[in-house]
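In our numbering, the protein residues as written are -15 to 268. The beta-carbon is built from N, C-alpha and C at its ideal position, and this holds for glycine as well. Remember, it's a predicted structure, so these values are computed and weren't measured experimentally. Notes follow once the structure below has been shown.
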């Protein structure tokens, strides 16, 4: 498979704009699409802000910023985004039906050589690709937030993913300066299965009054050298997103470790979703 030079990113939200940014920074031509036009504009603004912060910290030059922004174009449709590209990365919300419908539209317009990747953090690769004509070119590429800083990419292979597709995804992750791990398609993969179990237990501890969110996070940051505690991470990812993943893993694995605490359900119902709403376990 030839080197990936053009990338379509479908979804301009928290993950999508970051994937677009890092792809453009290595010289790929990126087409960014979101069904919500305002989300696309906001995604470009966030990319520009990330780059400006990099300049302020002495990590980037203005030339790098300008080239990166020049490499990104926005499009008004999925078909326009994926025509002629080498790689498609879907970064839509965690809903199986939505992802399946996106890839049905993608497959009708994308070139035969293109790799199709989903950024899902936990959903079944096999199920998302079940209706594709060529599931051998489908793979999971789970990036971590914030994409331009976090080093890990979880590359997930399904039963029908070809060796060539898997290797191309791994090599692209390395070109991005990331450290890929290869994981079989199983509920929650490696990172979400571990992370959600820890996150749900941390929320139960808050619910039971064991300790404050700050002290629970410090226990993991200082005692286990986690760069961020599980409750602050939950705020960053979004409580609504973590709730959906926990519900999925509880159903798929049948383990009480993934049972969403009542406190999590209550906070989501109240709109306390973390950083994106300004209030979660912390005030933002």
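Cβ separation of residue 241 and residue 215, assumed to be a contact under 8 Å, to the nearest whole Å: Not confirmed; about 17 Å, so no contact.
Just the C-alpha distance for residue 5 and residue 220, rounded to the nearest angstrom, thanks. 19 Å
Among -9, 175, 145 and 191, the one whose alpha carbon lies nearest that of residue 64: -9
CA-to-CA distance, residue 45 to residue 232, given in whole angstroms: 43 Å
The beta strand (DSSP E) that contains residue 125, what's its start and end? In this chain, the beta strand (DSSP E) harbouring residue 125 covers 122 to 127.
Would residue 101 and residue 124 qualify as a contact pair, given that the criterion is a beta-carbon distance under 8 Å? Going by C-beta atoms, residue 101 is nearer than 8 Å to residue 124.
Alpha-carbon to alpha-carbon, residue 267 and residue 96: 47 Å
Sequence-distant residues of its chain with Cβ nearer than 7 Å to residue 198 (five each side left out): Counting only Cβ-Cβ distances below 7 Å, and skipping sequence neighbours, we find nothing.
How far does the alpha helix (DSSP H) with residue 156 in it reach, from first residue to last? 147 to 159
DSSP state of residue 40 mapped onto helix, strand, coil: helix
Assign residue -11 to one of three DSSP states: helix, strand, or coil. coil
Would you check if the distance between the CB atom of residue 55 and the CB atom of residue -7 is smaller than 8 Å? no
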